[in-house]
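Q: Chains as they are written, first to last, in the numbering used here: chain A, 1 to 511; chain B, 512 to 1022. Yeah, the Cβ is synthetic: ideal placement off N, Cα and C, and Gly gets one too. This is the structure I have questions about; it appears just below.
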């Protein structure tokens, strides 16, 4: 009964972490303005309760007993895997003082409000003191956790276990060597026409089409819902309740469409974790204190980017769905054919805002953020010097001048909410998506179905190889099992090179 | 620091109880169908955590120390009041096994689904086993809590402290003696015209008008929101976030209007509790494990019924707002004058469904439920015999035959969610509303403003005398302080008698 008792305790921790996520969702989607002050305290209390349950004496006793009870089982068995994950989380959280966690959670809740005002006024100075506190709390947490080479490694651990400042340098150097020349080459070419994406698209029609496309890729509305928020996101409260949001720009239709595909891609991950793992360590990030089935933030992002970009921007997808989008927007797309539409949604050019960046330049936005975070955490860059450093990086990577901090260093919510060390996940997601997509398409049935616009076999392959396993295997274990290799940027680079050569090839004129 | 530490602990319990309420609101308003199974576990876990925080050794130590620290303060001081409430809750919860609480919460979550299906099919038998379990758990809880005269007293305590089976018998006898003859007398009279309330009223217009009327009586949308649900309710997550719902029937407009006024009345209570009491025992029902500022369910109901009925159905209110409702529904009300409208919304006749009952017959629905609950809890009535007992009571009190169980014993959600002992609150609310309203109108400025359709002075009086105090004083202490008497049905009976004599008086013909 010790193992069963341990699982019941983990189930209750999962309940508390799901409650945390529900309060967070509510704060972002439903809460009236007056509620924010006390909501921050509620979130902090739940986080500290979850942590205290992990490090409690009861938990340690149950864990010791469960280890003894499962010692005879095969290595790699579900039971031993679950117990090992609890052991790791107990060790991790024993090192982090509860007071630090409470401070971080409360500051993260208040910080988002301060940041939102600062961004609205493009006033970095009003946000700087909060950011300084946040960096300091994160440095203290890094010291508490401990690290071998760099404090940034300790912070990244809860988002992308296995990656380090050093490993990212290797990965990013390869990506930059491929992407920057592609971006420069495209800069010389004529851009395809995309004016029709900026016509007036009524919100109700956009919402309807976003729902349709989420269903098309397999997102289950019986266990989910789609709402509107300023910043789109996905969050789950067990696989039974997986919610997504998108946002609408009346005169930029792709925002809602690709926002919905992206978040529905995240949603597919959670909705397809093995139901037997519900409320267990394989569907609970006990280290990150987050009730999630995806095994790392990068692995999660691989699913959202795969459905948004590899599928959602592919000619095959639109060969199937272009009639539907033209039916949804008959006036707006009346002078547009399928080929022009696909070129328009794949247009690439350097821009200032990460969340609006195209597929090719997106990783440059990520890499500059990781550079900066690393320097902030190690102390070689001061918060007050951040805008200058930011603007210099944008110039270096994208060749652009930043007109104001709202369009620059103040654009992202992450730091204000207390998250440092999580930007790399986006690029790791892109790389992993490229790797998975290339491998899946080696299966003839998947490739030929995809060519006919049918991605159900692809989804089945992803469920089989990635989604169903939840947190049982590490990200690289999943990659090795499914593709034969750990994280490897070669397929992603090949994909970008081929795709953009096709769109901007020597024969391609603007149309 | 012990007193401050105790308050911080209570603040965290308040956070957990608010999280519980948010999960409950979400389950009723937002959750996709798939989410219900795991949501029940999440709710149960939070309830048990809150209880375990109350009975923890830490809490007992803090409480002992806080009692010593505040012993020198005046009796009746805020500090001693808060400490005393914590002491009481520790004693109460020490008697209830956590396992019983978990079972009740989980069964309450699942039970609502079973009940909803049973009601949809008018199939009492499919709900009976769940109800049997629920009665049994409640009996066990009553035994654990302990009681002097009747197990029902123990169950009512968390909803309406001070009331007992015996005290309700006295109260109800007085009410029945007054109400039943009034109902019979009206049965002989001609009914006023009310057909125009059943015309087609578009939902969007109903929603807009419901929001306007909630604002008119003072509900603050900056700290609230109004949604649509099958069963209207109010719930708060501190005074900063107080939410209400209503429901719409296209061909019965009063449902949304009076539903909104009723729930906004509840909302006013929570929104006007002294902000200094936020996260303290004076805004946390530590006995009932409910983050609420209102001092009893009956006191809460006094506010909703006061605004719904005494104000919202009064000629004075419509002297002010009839032009607005006619502007909202120009077609539907074009052949209706103010006097006819007021008579129509005050029409009384026996009916089967409690939540659709008029003001005069409403208490009869309550009293029969209390009779039945009392018998269920003492064991003199078996669950299997419930429909028969129900139908007999409806015949006795209202003179009606019940055509099926959906219109009878299956109509209310309460029992399925685990609540037994809470129906009396509605009638106590009516009685208390009558008492407060009569007293407030003895102040000339309040009466003359009300006659001009201005109820702001009334709201100020209620805030001063009732709302701001939160849970500092008991219900009867509040009544004695504000009206000079504990709960007393005389003003309510006088109000009903006068009102219905006016509407159905000897000179009144139907129009």
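(1) Between the Cα of residue 573 of chain B and the Cα atoms of B/559, B/593, B/841, B/955, which residue gives the shortest distance?
(2) What are the uninterrupted segments assigned as alpha helix (DSSP H) that are 4 or more residues long and contained completely in the segment 569-637 of chain B, given in chain order?
(3) For the pair the segment 176-183 of chain A and the segment 483-499 of chain A, tell me if three or more CB-CB distances fall below 8 Å.
(4) Determine the direct distance from the alpha carbon of residue 56 of chain A to that of residue 144 of chain A, and round the result to whole angstroms.
(5) Restricting to runs no shorter than 4 residues, where is the alpha helix (DSSP H) found entirely within the segment 174-232 of chain A?
(6) In the DSSP assignment, find the unbroken alpha helix (DSSP H) run with residue 1013 of chain B in it and report its ends.
(7) So for residue 416 of chain A, helix, strand or coil by DSSP?
(8) Kindly list the residues whose CB is nearer than 6 Å to the CB of residue 277 of chain A, restricted to its own chain and excluding five residues on each side of it in sequence; keep chain order.
(9) Mind pulling the alpha helix (DSSP H) runs of 4 or more residues that sit fully within the segment 894-978 of chain B?
(10) Output, in chain order, the set of chain A residues within a Cβ distance shorter than 7 Å of residue 523 of chain B.
(11) Mind pulling the chain B residues with CB within less than 9 Å of residue 181 of chain A?
(12) Given a cut-off of 8 Å, decide if residue 243 of chain A and residue 255 of chain A are closer than it, judged by their beta-carbon atoms.
(13) Kindly give me the distance between the Cβ atoms of residue 621 of chain B and residue 545 of chain B, rounded to whole angstroms, as I take these residues to be in contact under 8 Å.
(14) So does the segment 322-337 of chain A actually touch the segment 449-466 of chain A, counting three or more Cβ pairs closer than 8 Å?
(15) Compute the distance between the beta-carbons of residue 941 of chain B and residue 896 of chain B, then report whether it is under 8 Å.
(16) Thinking C-alpha only, which one of A/25, A/87, A/171 is nearest residue 488 of chain A?
(17) So, is the C-beta of residue 734 of chain B closer than 8 Å to a C-beta in chain E?
(18) Apart from the five residues just before and just after residue 126 of chain A, which ones in its own chain have a Cβ nearer than 6 Å to its Cβ?
(19) Can the beta-carbon of residue 371 of chain A be found closer than 8 Å to that of residue 393 of chain A?
(20) Give me the Cα-Cα distance between residue 383 of chain A and residue 416 of chain A, rounded to the nearest whole angstrom.
(21) Looking only at its chain, what residues have a beta carbon closer than 8 Å to the beta carbon of residue 507 of chain A, apart from the 5 residues adjacent to it on each side?
(22) Roughly how many angstroms separate the alpha carbons of residue 748 of chain B and residue 154 of chain A, rounded to a whole number?
(23) Assess, as a yes-or-no matter, whether the segment 45-54 of chain A is touched by the segment 286-294 of chain A under the definition of 3 or more beta carbon pairs within less than 8 Å.
(24) Are residue 269 of chain A and residue 107 of chain A touching if we call contact CB-CB under 8 Å?
(25) Roughly how many whole angstroms lie between the Cα atoms of residue 811 of chain B and residue 729 of chain B?
(26) For residue 991 of chain B, I'd like the list of residues in its chain whose CB is within less than 8 Å of its CB, leaving aside the five on either flank, ordered along the chain.
(27) Shorter than 8 Å from the beta carbon of residue 31 of chain A to some beta carbon of chain B?
(28) Just to check my reading of the structure: residue 233 of chain A and residue 333 of chain A have Cβ atoms closer than 8 Å, yes? What is that Cβ distance to the nearest angstrom?
(29) Among A/102, A/304, A/37, A/97, which has the Cα closest to the Cα of residue 245 of chain A?
(30) At a CB distance below 9 Å, what residues from the segment 548-581 of chain B approach chain A? Give them in sequence order.
(31) Tell whether a beta-carbon distance below 8 Å holds between residue 252 of chain A and residue 331 of chain A.
(32) Pull out every residue of the segment 277-294 of chain A whose Cβ sits closer than 9 Å to any Cβ of chain B, in chain order.
(33) If you draw a straight line from the alpha carbon of residue 516 of chain A to that of residue 369 of chain A, how long is it in whole angstroms?
(34) Would residue 649 of chain B be called buried (16 or more neighbouring beta carbons within 10 Å of its own) or exposed?
(35) Give the single residue among B/955, B/595, B/626 whose Cα lies nearest to the Cα of residue 921 of chain B.
(36) Report the partner residues of residue 1028 of chain B according to the DSSP bridge assignment.
A: From the atom records:
(1) Residue numbering aside, residue 573 of chain B sits at position 62 when the second chain is read from its first letter. Among B/559, B/593, B/841, B/955, the Cα nearest to that of residue 573 of chain B is on B/593.
(2) 589-605, 609-631
(3) yes
(4) As a first step, residue 144 of chain A is located in the first chain; it is residue number 144 there, counting from the start. As a first step, residue 56 of chain A is located in the first chain; it is residue number 56 there, counting from the start. Rounded to whole angstroms, the separation of the alpha carbons of residue 56 of chain A and residue 144 of chain A is 18 Å.
(5) Listed in chain order, the complete alpha helix (DSSP H) runs (minimum 4 residues) inside the segment 174-232 of chain A are 203-216.
(6) Sequence index remark: in the second chain, residue 1013 of chain B carries index 502 (1-based). Taken as a continuous stretch (DSSP letters only), the alpha helix (DSSP H) holding residue 1013 of chain B covers 1001-1014.
(7) In the first chain, the residue the question calls residue 416 of chain A occupies position 416. Residue 416 of chain A: helix per DSSP, three-state reduction.
(8) Here residue 277 of chain A is taken as the residue at index 277 of the first chain, counted from 1. Correct list, in chain order: 283, 470.
(9) 897-909, 935-951, 955-962, 967-976
(10) To locate residue 523 of chain B, count along the second chain from 1; it is residue 12. Here the neighbours are 45.
(11) Residue 181 of chain A sits at position 181 when you count from the first residue of the first chain. None at all; the shortest Cβ gap to chain B is about 46 Å.
(12) Taking the first residue of the first chain as 1, we reach residue 255 of chain A at position 255. Taking the first residue of the first chain as 1, we reach residue 243 of chain A at position 243. No, Cβ-Cβ distance for residue 255 of chain A and residue 243 of chain A is not below 8 Å.
(13) Here residue 621 of chain B corresponds to residue number 110 of the second chain, with the count starting at 1. Here residue 545 of chain B corresponds to residue number 34 of the second chain, with the count starting at 1. With a Cβ gap of about 14 Å, residue 621 of chain B and residue 545 of chain B do not count as contacting.
(14) no
(15) Taking the first residue of the second chain as position 1, residue 941 of chain B is located at position 430. Taking the first residue of the second chain as position 1, residue 896 of chain B is located at position 385. Contact: no.
(16) Along the first chain, one-based indexing puts residue 488 of chain A at 488. Checked all of A/25, A/87, A/171; the closest Cα to residue 488 of chain A is A/171.
(17) Here chain E cannot be found, since the structure's protein chains are A and B.
(18) The sequence position of residue 126 of chain A within the first chain is 126, counting from 1. 118, listed in sequence order.
(19) Here the question's residue 371 of chain A lines up with position 371 in the first chain. Here the question's residue 393 of chain A lines up with position 393 in the first chain. Yes, the pair counts as a contact, with Cβ atoms nearer than the cut-off.
(20) To locate residue 383 of chain A, count along the first chain from 1; it is residue 383. To locate residue 416 of chain A, count along the first chain from 1; it is residue 416. When rounded, the distance between both Cα atoms is 13 Å.
(21) Reading the first chain from its first residue, position 507 is the one you call residue 507 of chain A. Low confidence applies to residue 507 of chain A: its pLDDT is 48, below 50, so where it sits in the model is not reliable, and the reading given next is rough at best. Answer for residue 507 of chain A: no residue qualifies.
(22) Working through the second chain from its first residue, we reach residue 748 of chain B at position 237. Working through the first chain from its first residue, we reach residue 154 of chain A at position 154. C-alpha separation (whole angstroms): 36 Å.
(23) yes
(24) Position 269 of the first chain holds residue 269 of chain A. Position 107 of the first chain holds residue 107 of chain A. Result no, Cβ atoms of residue 269 of chain A and residue 107 of chain A do not sit closer than 8 Å.
(25) Walking along the second chain from the start, residue 811 of chain B turns up at place 300. Walking along the second chain from the start, residue 729 of chain B turns up at place 218. Cα-Cα distance, rounded: 16 Å.
(26) Here residue 991 of chain B corresponds to residue number 480 of the second chain, with the count starting at 1. Listed in chain order, the non-local C-beta contacts of residue 991 of chain B below 8 Å within the same chain comprise 997, local neighbours out to five positions each way being set aside.
(27) In the first chain, the residue the question calls residue 31 of chain A occupies position 31. Interface residue (Cβ-Cβ distance to chain B less than 8 Å): residue 31 of chain A is classified as such.
(28) In the first chain, the residue the question calls residue 233 of chain A occupies position 233. In the first chain, the residue the question calls residue 333 of chain A occupies position 333. Their Cβ separation, rounded to whole angstroms, is 28 Å, which puts residue 233 of chain A and residue 333 of chain A out of contact at 8 Å.
(29) On the first chain, position 245 is the one that residue 245 of chain A refers to. Here the closest residue by C-alpha is A/304.
(30) 548, 549, 550, 552, 553, 554, 555, 556, 557, 559, 560, 564
(31) In the first chain, counting from the first residue as 1, residue 252 of chain A sits at position 252. In the first chain, counting from the first residue as 1, residue 331 of chain A sits at position 331. No.
(32) 278, 279
(33) No answer is possible for residue 516 of chain A: the residues shown for chain A start at 1 and end at 511.
(34) As a working note, residue 649 of chain B is residue 138 in the second chain. Label assigned to residue 649 of chain B: buried.
(35) Residue mapping note: residue 921 of chain B aligns to position 410 of the second chain, counting from 1. Comparing Cα positions, the closest option is B/626.
(36) Because residue 1028 of chain B is not part of the residues shown, which for chain B are 512 to 1022, the question remains open.
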